[in-house]
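Sequences listed follow chains A and B, in order.
Here UniProt numbering is used: the first residue of the first sequence is 1, the next is one more, and so on.
Here UniProt numbering is used: the first residue of the second sequence is 1, the next is one more, and so on.
Taking it in order: structure first as structure tokens, then the write-up.
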Amino acid sequence: MLAAFFSLILRDMRLGYAQGGAAGLVIAFYAITISLFPFGVGPDAEILARIAGGVLWIAALLAALLSLDRMFQADFEDGSLDSLTLGPLPLSLVALAKALAHWLSMLLPLVILSPLFGLMLHLDGASMRVVLIALLVGTPALSLIGAAAAALAVAVRRGGALIALLVLPLYIPTLIFGVGAVEAVSGLGSVSANMSFLGSLSLIFAVLGPLAAGGALRLALE
Amino acid sequence: MHWFANPARFIRLADKILPLTLPLTVGLLAVGLYLALVASPADYQQGDTVRIMYIHVPSAYMALFCYMIVAAAGFSTLVWRHPLADVAGKAAAPIGLAFTGLALVTGSLWGKPMWGAWWVWDARLTSVLVLFFLYLGYMAIWGAFEDRSKAARAAAILALVGVINIPIIKFSVDWWTTLHQPASLFRADGPSIDPSMRPPLYVMLAAFQFYFFTVFLWRIKGELAAIRLNALRYAGEAPRSASPKEEQP
Numbered sequence: 001m002l003a004a005f006f007s008l009i010l011r012d013m014r015l016g017y018a019q020g021g022a023a024g025l026v027i028a029f030y031a032i033t034i035s036l037f038p039f040g041v042g043p044d045a046e047i048l049a050r051i052a053g054g055v056l057w058i059a060a061l062l063a064a065l066l067s068l069d070r071m072f073q074a075d076f077e078d079g080s081l082d083s084l085t086l087g088p089l090p091l092s093l094v095a096l097a098k099a100l101a102h103w104l105s106m107l108l109p110l111v112i113l114s115p116l117f118g119l120m121l122h123l124d125g126a127s128m129r130v131v132l133i134a135l136l137v138g139t140p141a142l143s144l145i146g147a148a149a150a151a152l153a154v155a156v157r158r159g160g161a162l163i164a165l166l167v168l169p170l171y172i173p174t175l176i177f178g179v180g181a182v183e184a185v186s187g188l189g190s191v192s193a194n195m196s197f198l199g200s201l202s203l204i205f206a207v208l209g210p211l212a213a214g215g216a217l218r219l220a221l222e
Numbered sequence: 001m002h003w004f005a006n007p008a009r010f011i012r013l014a015d016k017i018l019p020l021t022l023p024l025t026v027g028l029l030a031v032g033l034y035l036a037l038v039a040s041p042a043d044y045q046q047g048d049t050v051r052i053m054y055i056h057v058p059s060a061y062m063a064l065f066c067y068m069i070v071a072a073a074g075f076s077t078l079v080w081r082h083p084l085a086d087v088a089g090k091a092a093a094p095i096g097l098a099f100t101g102l103a104l105v106t107g108s109l110w111g112k113p114m115w116g117a118w119w120v121w122d123a124r125l126t127s128v129l130v131l132f133f134l135y136l137g138y139m140a141i142w143g144a145f146e147d148r149s150k151a152a153r154a155a156a157i158l159a160l161v162g163v164i165n166i167p168i169i170k171f172s173v174d175w176w177t178t179l180h181q182p183a184s185l186f187r188a189d190g191p192s193i194d195p196s197m198r199p200p201l202y203v204m205l206a207a208f209q210f211y212f213f214t215v216f217l218w219r220i221k222g223e224l225a226a227i228r229l230n231a232l233r234y235a236g237e238a239p240r241s242a243s244p245k246e247e248q249p
């Protein structure tokens, strides 16, 4: 069962980087979204440094959202999802594996690149470290919550726009604690408390997300 | 609870209850509005603006109450496959959305003279706004599916994910506002409410509650009628289009 779990993760990651995979697009989307903000609020270094934490987080949220409808849709359409139900993994673990693959292939590259964008937004070194760790701890929650919404949307034809409505309200706590950790560097509140909440969100949704996604997938496959 | 599972029996029961709740709603609302708008004293600080509270507080309470109904309905859809539960969830959601909207609008109307702004990113305003979005998502799921039983279960899953999230969202938003805002804004939720203002508030709460039950039963009856109509239409059309090629299992 463990072998099936890991091979599913590897398969999804390979698909993400294969031709027609979305990983490259998501990184480009992240970069472009961030570079829109200086146009929106002006190139003033102080303002940019002030909002950089929030900008990086919101761009990550939107990038995660953009890539969510691919999590199950293609596998549902070509029947791979049906054959996965015949394997040893229960559907909730299939969802967990796919959520982890989504995080590893779509969001982890963004997290690794985020210091570069932080630099462009004039974020200082101490804040940059915190942003990097906060994204690392918090973004798994985005994939895990997203798995549930993506699975619900897969049963609906053209569910793409629906995902945004379902998932963005549920992303708010992650955003709050993620940005809270960065703000804490300049004195408001505690970095470690925010980090702990981010970590606990990721852990809570590691259980809830795949459970809900499993139920929704069962519905889609009927 | 499975005694209600028979729609015809439920409708008979609803028809017995409705003649009680409807006059109660109208009566309580009339008394409540008179007490709230005419008979109760104006606040020594807020003046007549305080009267908005008699609409606002019951709306905000009903916004949460309806979500609890939706979530409980979702739970019994998924766990017991109770045939009326999904109807109840679908019936309660738009009422909840309306109360949530009413709470936001009245809050905004109260905020303008009191806080000097139509909208403040206060913890409770923000949480209620998120609740509004959760209702929209729940109703969007209902609208997105063609197959009714699938829509019911998908909506139920979303309602349960939402109800687990409500405390998390509430907590995180509280945390966020204590970070961003000075505590001076929270003057209004400090002291306990004056005794003279309690009766109108209680009457209005009861009126809203009975309003909910009345409209809720109406909407369930309507939904059951729609299901029955669909089934009849399907049964009526089936023989006509019964060429062997088109027949689907």
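Just so it is clear, CB atoms sit at the ideal spot from N, CA and C, and this is done for glycine as well.
Does P169 (chain A) pass the burial test, meaning 16 or more other C-beta atoms within 10 Å, or should it be called exposed? On the first sequence, residue 169 (chain A) is found 169 positions in, with the first residue counted as 1. It is buried - the Cβ of P169 (chain A) has at least 16 other Cβ atoms within 10 Å.
Give a yes or no on whether the C-beta atoms belonging to S92 (chain A) and L219 (chain A) are separated by under 8 Å. Working through the first sequence from its first residue, we reach residue 92 (chain A) at position 92. Working through the first sequence from its first residue, we reach residue 219 (chain A) at position 219. No; because the gap between Cβ atoms is not below 8 Å, this pair is not in contact.
Which full runs of the alpha helix (DSSP H) of 4+ residues lie inside the segment 75 to 133 of chain B, going along the chain? 85 to 115
May I have the straight-line CA-CA distance separating L175 (chain A) from A225 (chain B), to the nearest angstrom? Working through the first sequence from its first residue, we reach residue 175 (chain A) at position 175. Working through the second sequence from its first residue, we reach residue 225 (chain B) at position 225. Using only the alpha carbons, I get a separation of about 44 Å.
Taking Cβ positions only, does P173 (chain A) come closer than 8 Å to chain B? Reading the first sequence from its first residue, position 173 is the one you call residue 173 (chain A). Yes - at least one Cβ of chain B is within 8 Å of the one on P173 (chain A).
With S59 (chain B) and F10 (chain B) assumed to form a contact (beta carbons below 8 Å), what rounded beta-carbon distance in angstroms separates them? Counting from 1 along the second sequence, the entry for residue 59 (chain B) is found at position 59. Counting from 1 along the second sequence, the entry for residue 10 (chain B) is found at position 10. Rounded, the Cβ-Cβ distance is 28 Å, inconsistent with contact.
Based on DSSP bridge pairs, tell me the residues matched to G21 (chain A). The residue given as residue 21 (chain A) occupies position 21 in the first sequence. Bridge partners of G21 (chain A): none, in fact.
Does the beta carbon of K150 (chain B) come closer than 8 Å to any beta carbon on chain A? Walking along the second sequence from the start, residue 150 (chain B) turns up at place 150. By this cut-off, K150 (chain B) is an interface position.
Checking contacts by CB at 8 Å: is S76 (chain B) closer than that to chain E? Within the model displayed, chain E is absent; protein chains A and B are what it includes.
Which bits of chain A does R153 (chain B) rub up against, with CB to CB less than 8 Å? The residue you call residue 153 (chain B) lines up with position 153 of the second sequence. What R153 (chain B) touches in chain A: G215, L219.
Am I right that M204 (chain B) and G32 (chain B) are in contact with their C-beta atoms under 8 Å? What's the rounded C-beta distance? Residue mapping note: residue 204 (chain B) aligns to position 204 of the second sequence, counting from 1. Residue mapping note: residue 32 (chain B) aligns to position 32 of the second sequence, counting from 1. Confirmed, Cβ separation roughly 4 Å.
From A:I9, A:K98, A:I51, A:E46, pick the residue whose C-alpha is nearest to that of M71 (chain A); which is it? If you number the first sequence from 1, residue 71 (chain A) lands on position 71. When each option's Cα is compared against that of M71 (chain A), the closest is A:K98.
Using a beta-carbon distance cut-off of less than 9 Å, what residues from the segment 84 to 116 of chain A approach chain B? none
Close-in-space but distant-in-sequence residues of the same chain around G137 (chain B) (CB under 7 Å, 5 per side omitted): Position 137 of the second sequence holds residue 137 (chain B). Here the set comprises L158.
Counting only Cβ pairs nearer than 9 Å, list the residues of chain B close to F177 (chain A). By 1-based counting over the first sequence, the position of residue 177 (chain A) is 177. S172, W175, W176, listed in chain order.
With 16 other Cβ atoms within 10 Å as the buried cut-off, status of R14 (chain A): Along the first sequence, read from residue 1 onward, the residue named residue 14 (chain A) stands at position 14. Label assigned to R14 (chain A): exposed.
Those residues which DSSP pairs with G137 (chain B) across a bridge: Within the second sequence, residue 137 (chain B) is the residue found at index 137, counting from 1. Paired residue(s): none; G137 (chain B) is not in a bridge.
By Cβ distance, which residues of its chain are closer than 6 Å to G162 (chain B), with the 5 residues on each side in sequence left out? The sequence position of residue 162 (chain B) within the second sequence is 162, counting from 1. Once the five neighbours on either side are set aside, the close Cβ partners of G162 (chain B) are L134.
CA-to-CA distance, L208 (chain A) to S190 (chain A), given in whole angstroms: Within the first sequence, the letter at position 190 stands for residue 190 (chain A). Within the first sequence, the letter at position 208 stands for residue 208 (chain A). Approximately 27 Å between the Cα atoms of the pair.
Does DSSP put F186 (chain B) in a helix, a strand or coil? On the second sequence, position 186 is the one that residue 186 (chain B) refers to. Residue placement at F186 (chain B) is flagged as unreliable, the pLDDT there being 43, under the threshold of 50; a coordinate-derived value is accordingly withheld.
Would you say G137 (chain B) faces chain A, with C-beta separation under 8 Å as the test? Residue mapping note: residue 137 (chain B) aligns to position 137 of the second sequence, counting from 1. Chain A, which has a Cβ nearer than 8 Å to the Cβ of G137 (chain B), makes this yes.
Measure the beta-carbon distance from A60 (chain A) to L136 (chain A) and round it to whole angstroms, keeping in mind my assumption that it falls under 8 Å. In the first sequence, the residue the question calls residue 60 (chain A) occupies position 60. In the first sequence, the residue the question calls residue 136 (chain A) occupies position 136. No, A60 (chain A) and L136 (chain A) are not in contact; Cβ-Cβ is about 11 Å, not under 8 Å.
What in chain A is Cβ-close to F133 (chain B), meaning under 7 Å? Walking along the second sequence from the start, residue 133 (chain B) turns up at place 133. Correct list: P169.
For the alpha helix (DSSP H) containing H102 (chain A), name the first residue and the last one. Position 102 of the first sequence, counting from 1, holds the residue named residue 102 (chain A). Segment 91 to 102, the alpha helix (DSSP H) holding H102 (chain A).
In the DSSP assignment, find the alpha helix (DSSP H) that holds R109 (chain A) and state where it starts and stops. Here residue 109 (chain A) corresponds to residue number 109 of the first sequence, with the count starting at 1. Sequence check: residue 109 (chain A) is Pro here, not Arg. Counting along the chain, the alpha helix (DSSP H) containing P109 (chain A) begins and ends at 108 to 120.
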